[in-house]
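Those letters in the sequence shown? Residues 107 to 307, by my numbering. Below you'll find the structure, written out as structure tokens, and then a few comments.
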Amino acid sequence: MGRGRPGAARKRRRNRTQRAACRLGTIGGPLARRRRGAEYPDFGHRRGSHRRPRGRSVKVLDTDVCIEILRGNPRVLQWRRHTQVRVVTTWVTACELEYGAAKSAHPQQARALVSDLLSTLDILGLDRAAARQFGQHKAALRRDGETLADADLMIAAIALIHGAELATGNLRHFRRFPDLPLEDWIRQPPPDPAARSDTSA
Numbered sequence: 107m108g109r110g111r112p113g114a115a116r117k118r119r120r121n122r123t124q125r126a127a128c129r130l131g132t133i134g135g136p137l138a139r140r141r142r143g144a145e146y147p148d149f150g151h152r153r154g155s156h157r158r159p160r161g162r163s164v165k166v167l168d169t170d171v172c173i174e175i176l177r178g179n180p181r182v183l184q185w186r187r188h189t190q191v192r193v194v195t196t197w198v199t200a201c202e203l204e205y206g207a208a209k210s211a212h213p214q215q216a217r218a219l220v221s222d223l224l225s226t227l228d229i230l231g232l233d234r235a236a237a238r239q240f241g242q243h244k245a246a247l248r249r250d251g252e253t254l255a256d257a258d259l260m261i262a263a264i265a266l267i268h269g270a271e272l273a274t275g276n277l278r279h280f281r282r283f284p285d286l287p288l289e290d291w292i293r294q295p296p297p298d299p300a301a302r303s304d305t306s307a
């Protein structure tokens, strides 16, 4: 496979951030009004401890999933309620959400919504181990003539070094990481809690 053009790669990176900003920009008005009332979406559990999470007991939320939570997407909110493991996100996603809120038509309301959501989640950062994963995967993709937005690479690297599963609707990009388990919260219905109880009985 031939190498992708650098200009095209830069365009894809810009497009990811712009798409996130555009999606988030739609939440400022209606959800800001809901924020003051009883109909405000239930973002889920409070933040857990600050210990470094390990293993499949952790699920990392990608930016697109966080945006759907902010929008009050019933399917994604149901996934969140029925997930029995610790749910976290990354500082990469936090940055994308804050950028989208700043570009919103209602920035104050959007920032308040983002702040409310992030207050319910532990946020994982990019440490040296994740930075090494990022570099290795980016170099491997480049050798194969492929490109991926740095934000996606960072989110994948953080999830990988924590041994976590990634909740995302962007399966096409993240399937490039064979060791990263994925769960599609946007298109797939959540598992039936009753069926899970019957199985474990």
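The C-beta atom is built at its ideal place from N, Cα and C for all residues, glycine as well.
On the DSSP bridge assignment, give the partners of Val-193 in chain order. For Val-193, which the question treats as bridged, DSSP gives the partners Lys-165.
Report yes if the C-beta distance between Gly-275 and Arg-293 is below 9 Å; otherwise report no. Less than 9 Å divides the Cβ of Gly-275 from the Cβ of Arg-293.
So the alpha helix (DSSP H) Asp-222 belongs to, where does it begin and stop? Counting along the chain, the alpha helix (DSSP H) containing Asp-222 begins and ends at 213–224.
So, with DSSP's three-state summary, where would you put Leu-232? Correct three-state label for Leu-232: coil.
With a threshold of 6 Å on Cβ separation, who are the neighbours of Leu-167 within its own chain once the five nearest residues in sequence on each side are excluded? Once the five neighbours on either side are set aside, the close Cβ partners of Leu-167 are Thr-195 and Ala-273.
Under 7 Å Cβ to Cβ from Val-182, same chain only, skipping five residues before and after it: list those, please. Within the same chain, Val-182 has close Cβ partners Val-171, Glu-174, Ile-175, Trp-291 and Ile-292.
Phe-240 and Met-260 closer than 9 Å at C-beta: Taking C-beta atoms as the reference points, Phe-240 and Met-260 count as a pair closer than 9 Å.
Do the CB positions of Thr-199 and Thr-226 come within less than 9 Å of each other? Contact flag unset, no.
Counting C-beta neighbours from all protein chains within 10 Å, is the total for Val-220 16 or more, i.e. buried, or is it exposed? By the neighbour-count definition (other C-beta atoms within 10 Å, threshold 16), Val-220 is a buried residue.
Which runs of the beta strand (DSSP E) at least 3 residues long sit entirely within the stretch 234–279? Give them in chain order. Counting only runs of 3 or more, we get 271–273.
Shortest alpha-carbon distance to Ala-236 belongs to which of Leu-223, Ala-216, Asp-228 and Ala-257? The shortest Cα separation from Ala-236 among Leu-223, Ala-216, Asp-228 and Ala-257 belongs to Ala-257.
Between which two residues does the alpha helix (DSSP H) harbouring Leu-227 extend? Leu-227 -> no alpha helix (DSSP H), and no H or E assigned at all.
Round the Cβ separation of Lys-165 and Thr-189 to the nearest angstrom and send it over; I've been treating them as touching at under 8 Å. About 6 Å; that satisfies the 8 Å criterion.
Classification of Ala-246 by the beta-carbon crowding that lies within 10 angstroms, buried from 16 upward: Looking at its Cβ environment, which holds fewer than 16 other Cβ atoms inside 10 Å, Ala-246 is exposed.
Mark Gly-206 as exposed unless 16 or more other C-beta atoms lie within 10 angstroms of its C-beta, in which case mark it buried. With a 10 Å radius around the Cβ and a threshold of 16 neighbouring Cβ atoms, Gly-206 comes out buried.
Rounding to the nearest angstrom, what Cα-Cα distance links Gly-269 and Arg-234 in this structure? Rounded to whole angstroms, Gly-269 and Arg-234 show a C-alpha spacing of 15 Å.
The alpha helix (DSSP H) spanning Gln-184 covers which residue range? Per DSSP, Gln-184 belongs to the alpha helix (DSSP H) from 180–188.
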